[in-house]
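Contents: one structure, followed by commentary.
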Amino acid sequence: MRVESGSAQERGILLESLATLLEKTTASHEGPASGNRGLTDLLPPEVCSLLNPAAIYANNEISLRDVEVYGFDYDYTLAQYADALHPEIFSAARDILIEHYKYPEGIRKYDYNPSFAIRGLHYDIQKSLLMKIDAFHYVQLGTAYRGLQPVPDEEVIELYGGTQHIPLYQMSGFYGKGPSIKQFMDIFSLPEMALLSCVVDYFLGHSLEFDQAHLYKDVTDAIRDVHVKGLMYQWIEQDMEKYILRGDETFAVLSRLVAHGKQLFLITNSPFSFVDKGMRHMVGPDWRQLFDVVIVQADKPSFFTDRRKPFRKLDEKGSLQWDRITRLEKGKIYRQGNLFDFLRLTEWRGPRVLYFGDHLYSDLADLMLRHGWRTGAIIPELEREIRIINTEQYMHSLTWQQALTGLLERMQTYQDAESRQVLAAWMKERQELRCITKALFNAQFGSIFRTFHNPTYFSRRLVRFSDLYMASLSCLLNYRVDFTFYPRRTPLQHEAPLWMDQLCTGCMKTPFLGDMAHIR
3 MRVESGSAQE
13 RGILLESLAT
23 LLEKTTASHE
33 GPASGNRGLT
43 DLLPPEVCSL
53 LNPAAIYANN
63 EISLRDVEVY
73 GFDYDYTLAQ
83 YADALHPEIF
93 SAARDILIEH
103 YKYPEGIRKY
113 DYNPSFAIRG
123 LHYDIQKSLL
133 MKIDAFHYVQ
143 LGTAYRGLQP
153 VPDEEVIELY
163 GGTQHIPLYQ
173 MSGFYGKGPS
183 IKQFMDIFSL
193 PEMALLSCVV
203 DYFLGHSLEF
213 DQAHLYKDVT
223 DAIRDVHVKG
233 LMYQWIEQDM
243 EKYILRGDET
253 FAVLSRLVAH
263 GKQLFLITNS
273 PFSFVDKGMR
283 HMVGPDWRQL
293 FDVVIVQADK
303 PSFFTDRRKP
313 FRKLDEKGSL
323 QWDRITRLEK
333 GKIYRQGNLF
343 DFLRLTEWRG
353 PRVLYFGDHL
363 YSDLADLMLR
373 HGWRTGAIIP
383 ELEREIRIIN
393 TEQYMHSLTW
403 QQALTGLLER
413 MQTYQDAESR
423 QVLAAWMKER
433 QELRCITKAL
443 FNAQFGSIFR
453 TFHNPTYFSR
463 RLVRFSDLYM
473 ASLSCLLNYR
483 VDFTFYPRRT
493 PLQHEAPLWM
503 DQLCTGCMKT
513 PFLGDMAHIR
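Numbered by the working numbering, the letters in the sequence shown go through residues 3 to 522 in order.
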């Protein structure tokens, strides 16, 4: 039976709920002088400290007791880098564009803006649009930028044929690259997105015609040149104290695992000389004795799928050897190779192997989906996002948004003029709150994990490709080596009425919020 209108009594109850919430919210905004804690009364004291930035979060149940072999990527996994590296990459690639690709000298006026982009964004090459997309392939309105300028929502919808939805065939493929749309998934892509936006901004601002595909390729090639020419390696090697973070914690993690009889291996795309200097800085000259196998310049992700490349041994000076590899020896260094030979030679298979990396596609996807390894994602942004989530400002905003959402859903049954006016006001306030909450994380694009209410496309991949995720490898130090991680059961929409809007509006009989503080 379709309900077209409700009773005046029911509407009165809803409006009473709203009045109570408004009173609390107003009091909380007025501050301590009001003598009323306001909206904080709706939250148990422990809510704003529920999440620990140094915790490990589980997508899948996993017991470390069953893990016998630990594998690691190097960059942004064993070696955490300071944000000071990004301006260097940006400036070097910008200068390469000007000096080698003959781009206008005026581009040199742009400097790196660390607060512009976030990881996980998509770029539509033909439309020169940098945007945030949710798990259902919808563009989050208000997060589409051409150059450094926001694109109006109406224009975004028109560009995609009257919808916010991006069809599957246009979206990123398995490794984040679609026919016309690319997803920026690694941390090194932050300066790339910034440079791409600055160059587009310059061309548009000076009314210069350009081919979007050529511009995109030139910028990505310039960023690639910074890596290929070894510039980034040089900066880090010249000042490791400045650029490498948490080296002592990396040493502590590795030493602890070895002390408990675990086997370790390293598979990285970086060259041996660079890895060797970094590991000597963090661990010491005998770092190779901690690892049973070390593979450099592995060429991931093709390392996981291409059977044709054999392993090559390097001597102490880093020169290639020509002998055929029949076993992988501890203390030796190997280059390239492929996972199939790796599995054959080591017999390390299935869920007794746990591999850590920062790139969801290049490091983790194949290992989880095709080979059954356990995987851990290193997400440095997690620490900052959790600290924001733990603030009262965020909790107040989220609580009020959820309350408004519940009231909107129920109030829409009333079709009289007064009710419609109230609905319109609530919808406007809800949208304003969403924008405020988004800006707490990043003014342009918000959180890397959520759109206004849906998970981001990045989050969807994170859940699919990782058993565990954490801000840094050092989070392992907070757990015993036989610890079991249990993911929390998150209510689906049709399951238990555990949502904040139902709790706050009192429209359903639910347990006291404090009794459910453990639910994340």
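Yeah, the Cβ is synthetic: ideal placement off N, Cα and C, and Gly gets one too.
Per DSSP, the continuous alpha helix (DSSP H) segment holding PHE443 begins and ends at 419 to 443. Relative to the Cα of ASP113, the nearest Cα in the group ARG96, LEU494, ALA137 belongs to ARG96. Within the model, the alpha-carbon separation for SER199 versus ILE269 is close to 33 Å. When only Cα atoms are considered, TYR125 and GLN185 end up about 6 Å apart.
Apart from sequence neighbours up to five positions away, the residues of its chain that approach LEU53 with a beta-carbon distance below 8 Å are ILE388, ILE391, ASN392, ARG522, ordered along the chain.
Uninterrupted alpha helix (DSSP H) stretches at least 4 residues long and entirely within the stretch 448 to 499 occur at 459 to 467, given in chain order. With distances taken between CA atoms, ALA445 lies nearest to CYS437 out of ARG452, CYS437, PHE451.
The Cβ-Cβ distance between LEU87 and VAL255 does not fall below 9 Å. For PRO116, the secondary structure class from DSSP, reduced to helix, strand or coil, is coil. A Cβ-Cβ distance of about 50 Å is found for the pair THR348 and SER399, leaving them out of contact under the 8 Å criterion. Secondary structure at ALA367: helix, using DSSP grouped into helix, strand and coil. In the structure shown, GLY352 adopts helical secondary structure according to DSSP, grouped into three states.
CA-to-CA, the gap between HIS102 and HIS216 works out to about 15 Å. In this structure, the beta-carbon distance from THR377 to LEU356 falls below 9 Å.
Three or more pairs of CB atoms, one per stretch, sit closer than 8 Å, so the stretch 292 to 309 contacts the stretch 361 to 369. For THR377, the enclosing beta strand (DSSP E) begins and ends at 376 to 380. A residue is called buried once 16 or more other Cβ atoms fall within 10 Å of its Cβ, and HIS361 is buried on that count. Counting only runs of at least 4 residues, the stretch 117 to 202 fully encloses the following alpha helix (DSSP H) elements, listed from N- to C-terminal order: 155 to 161. When Cβ pairs closer than 8 Å are counted between the two stretches, the stretch 238 to 254 is seen not to touch the stretch 199 to 215, the count staying below three. By the Cβ test, the stretch 124 to 138 is in contact with the stretch 149 to 164, since at least three Cβ pairs between them sit closer than 8 Å. Taking each of CYS477, ASP469, ASN480 in turn and checking the Cα distance to ASN61, the smallest one comes out for ASP469. Within the DSSP secondary-structure output, LEU322 pairs in a beta bridge with LEU316.
Of all C-beta pairs linking the stretch 69 to 82 to the stretch 280 to 291, three or more are shorter than 8 Å, placing the two stretches in contact. Per DSSP, ILE58 lies in no beta strand (DSSP E) segment and is marked neither H nor E. CA-CA distance, LEU292 to ASN271, rounds to 19 Å. With respect to LEU266, TYR396 sits apart: the two C-beta atoms are not nearer than 9 Å.
Shortest Cα-Cα distance from VAL228 to any of PRO169, VAL260, ARG491, ILE98 involves ILE98. Cβ atoms of VAL202 and GLY149 come within 8 Å of each other, at about 4 Å.
Classified as buried, VAL285 has 16 or more neighbouring CB atoms from the shown chains inside 10 Å of its CB. A check of alpha carbon separations from PRO457 across THR486, LEU479, LEU123 identifies LEU123 as the nearest. Each residue's CA atom was taken as its position, placing GLY352 and GLY374 some 5 Å apart.
Relative to the Cα of ASP294, the nearest Cα in the group LEU330, ASP325, HIS262, LEU316 belongs to LEU330.
DSSP places TYR72 within a strand segment (E or B) once states are collapsed to three.
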